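Chemist:
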Amino acid sequence: MVERGRNERRQDVRWEDPAVSVEAAGRLAGLPFLEAIRDGGLPAPPVSRLLGFTLVDVEPGRAVFECEPAEAHYNPTGSVHGGVISTLLDSALSCAVHSTLAAGTGSTTVEIKVNFVRPVVIGTGRLRAEGRVIHAGGRLATAEARLTDQAGKLYAHAVGTCLVFTAR
0 MVERGRNERR QDVRWEDPAV SVEAAGRLAG LPFLEAIRDG GLPAPPVSRL LGFTLVDVEP
60 GRAVFECEPA EAHYNPTGSV HGGVISTLLD SALSCAVHST LAAGTGSTTV EIKVNFVRPV
120 VIGTGRLRAE GRVIHAGGRL ATAEARLTDQ AGKLYAHAVG TCLVFTAR
């Protein structure tokens, strides 16, 4: 048995006040809002700092995040936890939807279905989650996302539904 604390790791996470981005989300259309996050004009959401993923590309109906798998993402059996992968895919597909929204509207995921194709480990290298809108309606939008490595090998894919609403 391993002595507790002997092999302990530590990770410090820092983020900016999310209220700044929340306020901007209520007044900006989706695409300029996401471009501001990508370009550093608005703070990235705390979850992206916690899990170590970054919005690297966005255009109408499409959003791309990248993430380097880390030991802190591991489940007890030595691969990246499915919740981390699901969060990355959800971010890509929901931001793809958000990129199509007018100022004064927002969205939230109401359903997501994830298929895990192969395990992700540290040696997998940098991952890319690309989300694309399938259908953007007035109340509901559907989108899909694919998680691939730098060579384009598929690790997981998802489809989700987002509820579109008037921002508070």
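Residue numbers (numbering that gives the first Met the number 0): 0 to 167.
Even glycine gets a Cβ: it sits at the ideal position worked out from N, Cα and C.
If you're wondering where the values come from, they're calculated on a predicted model, not measured in any experiment.
1. For the pair the region 19-39 and the region 92-105, tell me if three or more CB-CB distances fall below 8 Å.
2. Nearest to Ala-155 by alpha carbon, out of Asn-6, Gln-10 and Arg-145?
3. Taking contact to mean at least 3 C-beta pairs separated by less than 8 Å, is the region 125-139 in contact with the region 46-64?
4. Can you confirm whether the region 106-123 touches the region 86-94 when touching is taken to mean that 3 or more C-beta pairs between the two stretches lie within less than 8 Å?
5. Under 6 Å Cβ to Cβ from Arg-170, same chain only, skipping five residues before and after it: list those, please.
6. Three or more beta-carbon pairs under 8 Å between the region 22-29 and the region 43-55, yes or no?
7. Please tell me whether Arg-37 and Asp-11 are closer than 9 Å, where the distance is taken between their beta carbons.
8. For Thr-107, I'd like the list of residues in its chain whose CB is within less than 8 Å of its CB, leaving aside the five on either flank, ordered along the chain.
9. For the putative contact between Val-116 and Ile-84, defined by C-beta atoms under 8 Å, what is the C-beta separation to the nearest angstrom?
10. Between which two residues does the alpha helix (DSSP H) harbouring Asp-89 extend?
11. Quick one: give me the first and last residue of the alpha helix (DSSP H) that Ala-23 is part of.
12. Using 9 Å as the threshold, is the C-beta distance between Thr-123 and Val-158 below it?
13. Would you decide whether Val-132 is buried or exposed? Buried here means 16 or more other CB atoms lie within 10 Å of its CB.
Modeler: By the coordinates alone:
1. yes
2. Arg-145
3. yes
4. yes
5. For residue 170 there is no data in the structure shown, the boundaries of the chain being 0 and 167.
6. no
7. no
8. Ser-93, Cys-161, Leu-162 and Phe-164
9. No, Val-116 and Ile-84 are not in contact; Cβ-Cβ is about 10 Å, not under 8 Å.
10. 81-97
11. 18-26
12. no
13. buried
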